[in-house]
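Asks: If you read the sequence shown in numbering that gives the first Met the number 0, its first letter stands for residue 0, the second for the next number, and so on.
C-beta: ideal position from N, C-alpha, C; glycine also.
Quick one: the structure is below, questions incoming.
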Amino acid sequence: MVFSALLIVWIILNGRITLEILCFGVLLCVAVIFFLRYALGYTFEFDKRVCRIGASLIKYAAVLFIEIVKANLQVVKIIVTGKKVKPRLVRFTVPLNSETAQVALADSITLTPGTITVQTSGGEFYVHALDEAFAGGLDESCFVKQLVEMEGKLND
């Protein structure tokens, strides 16, 4: 999968396909794969795992985009109406085992306007919310549910 993606990017960036460009691109992609394998521990098993959760990743990105838009509208509403905000620091624990899933959750929370992940430790998160309306249900959010689902698919 990585090889194919690299080759497609190579062809797109060159803007045309000739035998020389294609052969050089294949050699370059093979060299990059070897570098990834030996320097960064890349394995083809990783590609298989990513393919298993490919649809879930696309769904997660779509949900993240929708949540960002909804949160933007809520922040704009607070600004336009001049509503007095009640900031909160919320602590909650999530059932995510992998560090990657925890980082994805922390980044998703921070990307959503009105909330910032202040600290994470193990499965414990500290999040600053602009208003108490943003603070509710973070531990049971759609992000957590989808990340738990993706972890399950990866471990199967």
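(1) Determine the extent of the alpha helix (DSSP H) in which R48 is found, giving its start and end residues.
(2) Taking the runs of the beta strand (DSSP E) that are 3 residues or longer, which of them lie wholly in the stretch 96–141?
(3) With which residues is R15 paired in a DSSP beta bridge?
(4) Select from A128, V1, R87 the residue whose C-alpha is nearest the C-alpha of Y41.
(5) In the DSSP output, which residue or residues are listed as bridge partners for F91?
(6) If you drop the 5 nearest sequence neighbours on each side, which residues of the same chain put their C-beta closer than 6 Å to that of S120?
(7) Enumerate in chain order the residues of its own chain whose CB-to-CB distance from L35 is below 6 Å, with the five nearest sequence positions on each side excluded.
Replies: So, from the listed chains and residues:
(1) For the purposes of this step, residue 48 is taken as the residue at position 49 of the sequence shown. Element bounds for R48: 43–51.
(2) Taken in chain order, the whole beta strand (DSSP E) runs of length 3 or more contained in the stretch 96–141 are 114–120, 123–128.
(3) Counting from one through the sequence shown, the residue named residue 15 turns up at place 16. According to DSSP, R15 bridges with nothing at all.
(4) Position 42 of the sequence shown, counted from the start, is the residue given in the question as residue 41. If we check each option's Cα against that of Y41, V1 comes out closest.
(5) Within the sequence shown, residue 91 is the residue found at index 92, counting from 1. Looking at the DSSP assignment, F91 forms a beta bridge with F124.
(6) Locating residue 120 in the sequence shown gives position 121, counting from the first residue. Nothing meets the Cβ criterion.
(7) For the purposes of this step, residue 35 is taken as residue 36 along the sequence shown, with counting starting at 1. Exclusion of the five residues before and after L35 leaves Y41 as the residues of its chain whose Cβ lies within less than 6 Å of its Cβ.
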